[in-house]
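Residue numbers (UniProt numbering): 1 to 175.
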């Protein structure tokens, strides 16, 4: 994250962007499992950026199509129960944890980080685009859902481990 952090924080001072970045930092700070996002429909400029490994630079992007390209990719990354028949995300339904785990609950530089960095380029280059801010708000919401899901799964694992320990202790006492 260090390489692109300057790009992220310099993209905008708009409160919606700052809120999105805070949710991103909170998510990554929770130490989610590292993983790779689906790359189908990923904008070609994002793919080139990943290969170039120049995280501190904004690549050349096609200004007329980038917002649409990014949105198609974002929609494609969504869990199945969040999509309608056209593939467009529903407005805020509850998503089962296993669906988040299979799609977007992926930390590290090949995970949601790539989405946020790629979104920052759109924020930087076209802040007047109303569709951009809809996407920023949606990414913020998803990051909050991912954090909640990840924390719930960690808590469940702790509870399961405590239950296993309790079960073993009872078994030993009864022997």
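Here a beta-carbon is modelled for each residue, glycine too, at the ideal position from N, C-alpha and C.
Burial state of residue 57, where buried means 16 or more other Cβ atoms lie within 10 Å: exposed
Could you tell me whether the region 24 to 41 touches the region 107 to 122, using the rule of 3 or more Cβ pairs below 8 Å? yes
Along the chain, which unbroken stretches of the alpha helix (DSSP H) at least 4 residues long are found entirely within the region 1 to 66? 2 to 10, 15 to 29 and 44 to 52
Given 8 Å as the limit, is there contact between the region 71 to 78 and the region 16 to 30, that is, 3 or more CB pairs closer than that? no
Buried/exposed call for residue 131, threshold 16 Cβ in 10 Å: exposed
Rounded to a whole number of angstroms, what is the C-alpha to C-alpha distance between residue 13 and residue 97? 32 Å
Look at residue 147 and residue 100 and say whether their C-beta atoms are less than 8 Å apart. no
If we ignore side chains and look at the alpha-carbon of each, how far apart do residue 65 and residue 15 end up? 25 Å
Quick one: measure Cβ to Cβ for residue 26 and residue 45, integer angstroms, because I've assumed they're closer than 8 Å. Going by Cβ atoms, the distance from residue 26 to residue 45 rounds to 27 Å, so no, they are not a contact pair.
Roughly how many angstroms separate the alpha carbons of residue 119 and residue 102, rounded to a whole number? 21 Å
Host alpha helix (DSSP H) of residue 112 (start-end): 112 to 125
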